[in-house]
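Okay, so the sequence shown: first residue is 24 according to my numbering, each after it adds one. Shown next, in structure tokens, is the structure this report addresses.
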Amino acid sequence: MSQWLVLALAMAAACGVVLAITVLKQRRIGEDDDPSETPDVIEYMTMMVGVVYAIVLGLAIAGVWEARSAAEDTVRTEAQALHEVSARARAYSPPVRDQIRTDVDRYVTYVVKKEWPVMAEQGELTAHGADLLTKVRADVTDHHPRDSFEEQSYQPIVDQLAVADGARNARADAAGSTLPSVVWFGLIIGAAITIGLIFTLQIRRSGRELLMAGLFSALIAFLLFLVWDFDAPFSRGIAAGVDPFTALFPHAL
């Protein structure tokens, strides 16, 4: 059973229970019942819907903002780990050192110029980028340290490569949309219900009421746009960029 079917059944069941209870209650009301003595609950319902939707919308904004911050940290971690690999390679002999640094630079240049646009447009990383990082790992692991100085540098370089590989995998996970479709369904339906409840309050055509209704609708639209913009950390307006790579590898530009 898909989650959409479960959601539809749950919503239908909740509406059905409320309507059934209301109908049964109406049948049991006596002729001497005075509706004017019963508090009007429409304003209370409007207030509660607004509060619940504000909480959900706030949680969505906090979630996508946290995901964007985590994506930025991932990029910084990957760039710093590769910089450490390039710097620590000075302990090796010139041919091995130059080969490691050349392959690191080749990987960083490819990420900045080729892979990043693909990631921003398609929400996924490229296989060639993974191959270039594998080549850097092979440069390090295939070399047999000649002396104790190289042996002391070997394991830290391997560890930094593992950090870079893990950061690359985390970047791949964050390349697409953060919020699932069911959350977007709730946000959009909730916005429609919240704005629709304005018309249940017998809004008049006075300038003040129309202005407040328009500003309220515009605020919800802005907040939804904010969630949408932060939802893809690498591809939309306020996106995480390649600055950590270019700061540590200026020649990659």
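Yeah, the Cβ is synthetic: ideal placement off N, Cα and C, and Gly gets one too.
Taken through DSSP and simplified to helix, strand or coil, F257 comes out as coil.
Counting only residues of its own chain and dropping the five nearest sequence neighbours on each side, F172 has a CB closer than 7 angstroms to the CB of A114.
Unbroken alpha helix (DSSP H) stretches of 4 residues or longer found wholly inside the region 200–247: 204–219, given in chain order. For the set A33, Y133 and R191, the Cα lying nearest the Cα of T97 is the one of R191. Residue range I65 to R111 is occupied by the alpha helix (DSSP H) that includes T97. Judged by DSSP secondary structure, F272 falls outside any alpha helix (DSSP H); it is assigned neither H nor E. For K158, the enclosing alpha helix (DSSP H) stretches over residues A150 to T164.
Pairing D165 with R124, the inter-Cα distance amounts to about 15 angstroms. The DSSP-derived three-state label of G146 is coil. DSSP places Y115 in the coil class of the three-state scheme, outside both helix and strand.
At the C-beta level, V186 and A112 stay beyond 7 angstroms of one another. Counting only the Cα atoms, R169 lies some 54 angstroms from V250. Taking 7 angstroms as the cut-off, the Cβ atoms of I212 and S240 do not count as close.
Bounds of any alpha helix (DSSP H) do not take in P168, whose DSSP letter is neither H nor E. Closest by C-alpha distance to P267, out of V131, G73, A110 and M34, is V131. V127 sits away from S116, with the two beta carbons spaced by 7 angstroms or more. In the three-state reduction of the DSSP assignment, G264 falls in the coil class.
Counting only residues of its own chain and dropping the five nearest sequence neighbours on each side, A198 has a CB closer than 7 angstroms to the CB of M142, G146, E147, L148 and F257.
For A35, the secondary structure class from DSSP, reduced to helix, strand or coil, is helix. Judged by their CB atoms, F253 and V87 are nearer to each other than the 7 angstroms cut-off. A direct Cα-Cα distance of roughly 18 angstroms separates V163 from A102. Here the alpha carbons of Q178 and E107 stand approximately 12 angstroms from one another.
Distance from L155 to R129 at the Cβ level is roughly 6 angstroms; contact confirmed, criterion being Cβ atoms closer than 8 angstroms.
Residue environment analysis places E138 among the buried positions, since at least 16 neighbouring C-beta atoms fall within 10 angstroms of its C-beta. Between I221 and A244, the C-beta spacing is not below 7 angstroms.
The alpha-carbon of H167 is positioned some 24 angstroms away from that of G189.
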